[in-house]
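Quick note on the working numbering: the sequence shown kicks off at 6 and runs consecutively.
Comments concern the structure below.
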Amino acid sequence: FGHIQTQSVLMIHYGTFADATGPKRRMVCPPDPEDVLAVEAYDGHGNARAWLSRLEQWSHACGWDSDICLQVACVRMTGAAQRWLDTIKLRTYDEFSSRFLERFSITQEAAMAQLFACQQQLQKSTYEYAARFCMLARAAGLKEDSLLHRFISGLLPELQQEVWRKEFCDIDEIARFCEYWLSCNHMYSIDEINCYHSSRCYSHHLASDD
6 FGHIQTQSVL MIHYGTFADA TGPKRRMVCP PDPEDVLAVE AYDGHGNARA
56 WLSRLEQWSH ACGWDSDICL QVACVRMTGA AQRWLDTIKL RTYDEFSSRF
106 LERFSITQEA AMAQLFACQQ QLQKSTYEYA ARFCMLARAA GLKEDSLLHR
156 FISGLLPELQ QEVWRKEFCD IDEIARFCEY WLSCNHMYSI DEINCYHSSR
206 CYSHHLASDD
């Protein structure tokens, strides 16, 4: 199975550079399949930073550029890591490494704690709040849609009131509704924003003192 995966990646990478209809870039020889399979598979468990460091060291030793390194990293994902990879789109190795560490460098216990403290910030859209909430839920090993009540309780107060009146089945649906509602209502004045921000910070301060 590993050889099938490796050959698939090598063909994709080779085609990217060799296709005359694509961007005109230098021809890059595909890496040796044995070198690719020498990279330890990552299943979403274990030290993500250490795994990424070993990949980069091996990539340097093999003379791979960042495009090959990205392809190799992707093909060596298995299990939970492969499922995560299937949900996102990546263009560069830097993007991969950043999102990989964001997803897997956090422990399950830390993700759980952050999840239940996660709230929508005034400067952030509902989509951004939803993305962070779902990322933490996955890192905590929980299904996002089983946490609808927790997600709603982290919304801005006015949005909570509107959402509780509806019957939503998933977080994406809630996020779309909230952004639509906000665009129609332009709900905050500067004074309201400052007042709300101060009260929320004060409440957080009291909670941390406890």
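Quick reminder that beta carbons are idealized off the backbone N, C-alpha and C, glycines included.
Because the structure is a prediction, the values reported are computed rather than measured.
Item: Start-to-end residues for the alpha helix (DSSP H) that takes in Arg-54; Value: 53-67
Item: Spatial neighbours of Ser-194 in its chain, beta-carbon cut-off 8 Å, leaving aside the 5 residues before and after; Value: Reliability of the predicted coordinates at Ser-194 is poor, the pLDDT of 44 falling under 50, and no value is obtained from them.
Item: Selected residue, minimal CA-CA separation from His-50, among Gln-76, Gln-87, Asp-72 and Val-77; Value: Gln-87
Item: Through-space distance from Cys-123 to Asp-48, alpha-carbon basis; Value: 26 Å
Item: CB contact flag (Val-44, Arg-81, <8 Å); Value: yes
Item: Sheet register partners of Tyr-47 (DSSP bridge); Value: Met-82
Item: Straight-line gap, Glu-107 to Arg-170 (C-alpha atoms, nearest Å); Value: 34 Å
Item: Of the listed residues Gln-76, Ile-111, Phe-109 and Thr-83, nearest to Lys-94 (C-alpha basis); Value: Gln-76
Item: Within 8 Å, strictly: CB atoms of Ala-145 and Ala-116; Value: yes
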